[in-house]
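A.B. asks:
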Amino acid sequence: MSNRLTESASPYLLQHKDNPVDWWQWQPEAFEEARRTNRPILLSIGYAACHWCHVMAHESFEDEATAAVMNELFVNIKVDREERPEVDQIYMSALQQLGAQGGWPMTMFLDPDGAPFWGGTYFPKEAKYGQPAFTDVLKTMANAFASGDPRITSNREALLTRLRQKARPSGQVVVGTNELDDVATRILGIMDDEHGGLQGSPKFPNTPFLELLWRAYERTGRERFRNAALHALDGMSEGGIYDHIGGGYSRYSVDERWLVPHFEKMLYDNAQILDLLGLAYSETLADLFRARAEETVGWLQREMLLEGGAFAASLDADSEGHEGRYYVWTLKQVLDALGAADAEFFAKHYDIVPFGNWEGVSIPNRLKEIERSSADDIRLAMLRDKLLAVRATRVPPGRDDKVLADWNGL
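Count along the sequence shown from 1, then add 24; that gives the number in my numbering.
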């Protein structure tokens with residue numbers, strides 16, 4: 025039996041149309057229902073390519089018992105953050121004000137008027153990862169709301185006050201080149217000198233930071249700004265966060281070495297990285313940056329271009345129910361595709377190892393420094409094309425065909 029999400033045009037919401045959860049879209053009628061029944065609202069925000077959104081959906085939203093608790097205790101609203109970015113921004117700000125780390129899926133608890141009083145991100149079906157079971161969270165929040173727990177009121181009022189303060193226009197702020205260069209200097213203090221990019225993990229490209237460093241270098245001529253930006257771009261372009269077979273960059277790396285990607289690919293990330301690659305190549309003439317730009321454009325035209333000329337929003341992290349399955353390889357798969365001599369050559373250069381470099385399989389990467397001749401590069405390009413053709417026979421990750429004007433405008 026389908027729910028109200030069948031009426032949506034959002035690919036993400038349509039992924040949930042057959043859930044046993046009585047989902048509402050973000051609409052006045054949902055809030056009217058919450059006020060009529062005096063039930064709190066469970067707001068779930070995500071997007072089509074989000075791996076942990078899929079995990080929570082499979083564990084909880086597709087589960088009859090969990091859905092029964094949700095339907096009894098809450099009015100449940102599902103939002104596509106790419107379709108309603110203003111809703112996502114408001115409640116992400118509230119979540120961060122609660123001291124939580126932001127991310128998706130975002131799970132917020134609201135009063136019937138939409139005021140938030142508590143929230144989190146992914147909650148497992150059973151208690152694990154230091155997180156309580158989702159049904160325990162549901163019952164605790166519903167009981168607190170029904171009993172008039174004073175913490176509900178205090179949280180709600182504090183969050184509303186902070187959100188109003190953030191929404192209030194501040195005085196005029198003049199930002200000049202001195203201020204921008206000062207910010208660039210501060211960014212240098214949190215850069216990873218070993219692997220490039222910002223310190224820690226998960227590690228995002230953070231392209232605006234890198235472009236800010238590059239622009240500071242262009243203004244000042246200070247090599248440390250240039251070197252930090254190039255070091256990050258090198259790591260991203262040689263690591264597993266880059267798809268060495270088909271082109272394009274994943275949303276982030278799970279580890280600080282850029283090896284293990286969170287396999288979803290977003291249009292906005294790749295558009296911004298292309299801009300940075302162009303800046304870096306125009307100054308360095310480095311073959312790596314030209315190649316990554318050309319390969320990424322090739323991926324966009326091959327896999328993301330829609331009829332009419334616009335580009336799709338994203339590619340999913342998962343295929344056949346497994347994260348990254350479309351992109352990873354075993355040594356046997358490479359051997360079967362290329363034959364013994366070519367497989368040995370390719371495996372040496374792209375870290376395809378017998379027991380895998382991640383969960384028993386190998387993510388192609390070039391993080392190990394191996395000398396390559398121009399003849400090697402030509403041979404490797406031919407082998408990548410062969411593997412791309414083999415990969416095309418696999419079940420591909422889902423594509424969100426939603427056209428976002430701002431992302432296409434990048």
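Heads up, the beta-carbon is just placed ideally off N, CA and C, and yes, glycines get one too.
Please read these numbers as outputs of a predicted model, since none were measured by experiment.
Output the distance between the C-alpha atoms of ASP217 and ALA208, rounded to the nearest integer angstrom.
C.D. replies: Position 193 of the sequence shown, counted from the first residue, corresponds to residue 217. Position 184 of the sequence shown, counted from the first residue, corresponds to residue 208. Using only the alpha carbons, I get a separation of about 15 Å.
A.B. asks: Assuming GLY131 is part of the beta strand (DSSP E), what are its boundary residues?
C.D. replies: Mapped onto the sequence shown, residue 131 falls at position 107. One point to set straight first is that residue 131 is Thr, not Gly, in the sequence displayed. First-last of the beta strand (DSSP E) with THR131: 130 to 134.
A.B. asks: To the nearest whole angstrom, what separates the beta carbons of SER225 and GLU280, a pair I think is in contact under 8 Å?
C.D. replies: One-based indexing of the sequence shown puts residue 225 at position 201. One-based indexing of the sequence shown puts residue 280 at position 256. About 4 Å; that satisfies the 8 Å criterion.
A.B. asks: Going by alpha carbons, who is nearest to PRO35 out of GLY221, ASP340, GLY271, ARG239?
C.D. replies: Taking the sequence shown and counting its residues from 1, one reaches residue 35 at position 11. Per the Cα distances, ASP340.
A.B. asks: Write down every uninterrupted run of the beta strand (DSSP E) in the segment 213 to 292 whose length is 3 residues or greater and which is fully enclosed by it, in chain order.
C.D. replies: Listed in chain order, nothing qualifies, since the segment 213 to 292 has no complete beta strand (DSSP E) run of 3 or more residues.
A.B. asks: Return the chain-ordered list of same chain residues with a C-beta closer than 7 Å to the C-beta of ASP135, the five sequence neighbours on each side being excluded.
C.D. replies: Mapped onto the sequence shown, residue 135 falls at position 111. Here the set comprises PRO64, PHE141, ARG180.
A.B. asks: Using the Cα positions of ALA86 and VAL45, report the straight-line distance between them to the nearest angstrom.
C.D. replies: For the purposes of this step, residue 86 is taken as the residue at position 62 of the sequence shown. For the purposes of this step, residue 45 is taken as the residue at position 21 of the sequence shown. First, the amino acid is wrong: residue 86 is Glu here, not Ala. The alpha-carbon atoms of GLU86 and VAL45 are separated by roughly 8 Å.
A.B. asks: Report yes or no: do three or more beta-carbon pairs, one from the segment 100 to 117 and one from the segment 27 to 43, lie closer than 8 Å?
C.D. replies: Yes, the segment 100 to 117 is in contact with the segment 27 to 43.
A.B. asks: Quick check: what's the CA-CA separation for CYS77 versus GLN39?
C.D. replies: By 1-based counting over the sequence shown, the position of residue 77 is 53. By 1-based counting over the sequence shown, the position of residue 39 is 15. When rounded, the distance between both Cα atoms is 11 Å.
A.B. asks: According to the Cβ coordinates, are TRP48 and ARG28 closer than 7 Å?
C.D. replies: Reading the sequence shown from its first residue, position 24 is the one you call residue 48. Reading the sequence shown from its first residue, position 4 is the one you call residue 28. Yes.
A.B. asks: Measuring straight from C-alpha to C-alpha, what distance separates VAL284 and LEU187?
C.D. replies: Here residue 284 refers to the residue found at position 260 of the sequence shown. Here residue 187 refers to the residue found at position 163 of the sequence shown. Approximately 36 Å between the Cα atoms of the pair.
A.B. asks: What span of residues does the alpha helix (DSSP H) with VAL358 cover, start to end?
C.D. replies: Position 334 of the sequence shown, counting from 1, holds the residue named residue 358. Unbroken alpha helix (DSSP H) run through VAL358: 355 to 362.
A.B. asks: With a cut-off of 8 Å on the beta carbons, I'd call LYS289 and GLY263 a contact; round off their distance for me.
C.D. replies: Locating residue 289 in the sequence shown gives position 265, where the first residue counts as 1. Locating residue 263 in the sequence shown gives position 239, where the first residue counts as 1. Going by Cβ atoms, the distance from LYS289 to GLY263 rounds to 14 Å, so no, they are not a contact pair.
A.B. asks: What three-state label does DSSP hand LYS372 in the structure shown?
C.D. replies: Taking the first residue of the sequence shown as 1, we reach residue 372 at position 348. In the structure shown, LYS372 sits in a helix (DSSP, three-state: H, G or I).
A.B. asks: When burial is assigned at 16 or more other CB atoms within 10 Å of the CB, is VAL358 buried or exposed?
C.D. replies: Position 334 of the sequence shown, counted from the first residue, corresponds to residue 358. With 16 or more Cβ atoms within 10 Å of its Cβ, VAL358 is classed as buried.
A.B. asks: Between PHE249 and the rest of its own chain, which residues show a CB-CB distance below 8 Å, the 5 nearest in sequence each way excluded?
C.D. replies: As a first step, residue 249 is located in the sequence shown; it is residue number 225 there, counting from the start. Once the five neighbours on either side are set aside, the close Cβ partners of PHE249 are ALA208, LEU212, LEU237, TRP238, ALA240, TYR241.
A.B. asks: Could you pull the DSSP bridge partners for HIS346 from this structure?
C.D. replies: In the sequence shown, the residue the question calls residue 346 occupies position 322. BP columns for HIS346 point to SER343.
A.B. asks: Check each candidate in THR90, ALA81, LEU162 and name the one with the smallest Cα separation from LYS442.
C.D. replies: Limits of the chain in this structure are 25 at one end and 434 at the other, which puts residue 442 out of reach.
A.B. asks: Using C-beta distances below 8 Å, list every residue in its chain close to GLN125, excluding the 5 sequence neighbours before and after it, in chain order.
C.D. replies: The count along the sequence shown starts at 1 and reaches residue 125 at position 101. The answer, listed in chain order, is THR145.
A.B. asks: Write down the C-beta distance between ILE265 and LEU411 rounded to the nearest angstrom, noting that I regard them as a contact closer than 8 Å.
C.D. replies: Translated into the one-based positions of the sequence shown, residue 265 becomes position 241. Translated into the one-based positions of the sequence shown, residue 411 becomes position 387. Contact flag wrong, Cβ pair sits at about 18 Å.
A.B. asks: Note the first and the last residue of the continuous beta strand (DSSP E) segment covering ASN100.
C.D. replies: For the purposes of this step, residue 100 is taken as the residue at position 76 of the sequence shown. Counting along the chain, the beta strand (DSSP E) containing ASN100 begins and ends at 99 to 104.
A.B. asks: Going along the chain, which residues of its own chain have a beta-carbon closer than 7 Å to the beta-carbon of VAL199, five neighbours each way excluded?
C.D. replies: Along the sequence shown, read from residue 1 onward, the residue named residue 199 stands at position 175. If we look at VAL199 and ignore the five residues flanking it on each side, it has no Cβ neighbours.
A.B. asks: Cutting at 7 Å between CB atoms, please list the residues of its own chain near PRO18, excluding the five before and the five after it.
C.D. replies: Lying before the first or after the last residue shown, residue 18 is absent from the chain, which here runs from 25 to 434.
A.B. asks: TYR292 and TRP431: beta carbons closer than 7 Å?
C.D. replies: Numbered from its first residue, the sequence shown carries residue 292 at position 268. Numbered from its first residue, the sequence shown carries residue 431 at position 407. Yes.
A.B. asks: At the level of alpha carbons, what is the spacing between LEU119 and LYS102?
C.D. replies: Start at 1 with the first residue of the sequence shown, and residue 119 comes out as number 95. Start at 1 with the first residue of the sequence shown, and residue 102 comes out as number 78. Rounded to the nearest angstrom, the two C-alpha atoms are 17 Å apart.
A.B. asks: Taking the DSSP output, what are the residues bridged to ARG423?
C.D. replies: Stepping through the sequence shown from its first residue, residue 423 is reached at position 399. Answer is LEU339.
A.B. asks: Our contact map puts ALA336 next to ASP424 with C-beta atoms below 8 Å; I'd like the distance itself, whole angstroms only.
C.D. replies: Here residue 336 corresponds to residue number 312 of the sequence shown, with the count starting at 1. Here residue 424 corresponds to residue number 400 of the sequence shown, with the count starting at 1. Between ASP424 and ALA336 the Cβ distance is about 6 Å, and since that is below 8 Å, they are a contact.
A.B. asks: Just list the alpha helix (DSSP H) runs in the segment 53 to 97, keeping only unbroken ones of 4 residues or longer that don't cross its boundaries, in chain order.
C.D. replies: The segment 53 to 97 contains these whole alpha helix (DSSP H) runs: 75 to 80, 88 to 97.
A.B. asks: Would DSSP call LYS149 helix, strand or coil?
C.D. replies: Position 125 of the sequence shown, counting from 1, holds the residue named residue 149. In the structure shown, LYS149 sits in coil (DSSP, three-state: anything other than H, G, I, E or B).
A.B. asks: Could you say which of PHE147, GLY384, PHE228 lies nearest to ARG159 if we only look at CA atoms?
C.D. replies: One-based indexing of the sequence shown puts residue 159 at position 135. Strictly speaking, residue 159 in this sequence is Thr, with Arg absent from that position. Of PHE147, GLY384, PHE228, the residue nearest in Cα terms is PHE147.
A.B. asks: Starting from GLY433, trace the beta strand (DSSP E) both ways and give me its first and last residue.
C.D. replies: Counting from one through the sequence shown, the residue named residue 433 turns up at place 409. Careful: GLY433 lies outside any beta strand (DSSP E), inside the alpha helix (DSSP H) at 429 to 433.
A.B. asks: Report the three-state DSSP secondary structure of PHE379 (helix, strand or coil).
C.D. replies: On the sequence shown, residue 379 is found 355 positions in, with the first residue counted as 1. Three-state DSSP puts PHE379 in coil, outside helix and strand.
A.B. asks: By how many angstroms is the C-alpha of LEU162 removed from the C-alpha of SER26?
C.D. replies: Residue numbering aside, residue 26 sits at position 2 when the sequence shown is read from its first letter. Residue numbering aside, residue 162 sits at position 138 when the sequence shown is read from its first letter. Going by the C-alpha atoms only, they are around 23 Å apart.
A.B. asks: What did DSSP end up calling GLN125 once you bin it into helix, strand or coil?
C.D. replies: Within the sequence shown, the letter at position 101 stands for residue 125. Coil at GLN125, not helix or strand.
A.B. asks: In terms of residues, what are the limits of the alpha helix (DSSP H) holding GLY322?
C.D. replies: Here residue 322 refers to the residue found at position 298 of the sequence shown. It spans 311 to 323 - the alpha helix (DSSP H) in which GLY322 sits, taken as one unbroken run.
A.B. asks: Compare the C-alpha of ASP366 against each of ARG408, LEU204, SER306 and name the closest.
C.D. replies: Stepping through the sequence shown from its first residue, residue 366 is reached at position 342. Ranking the options by Cα distance to ASP366, first place goes to ARG408.
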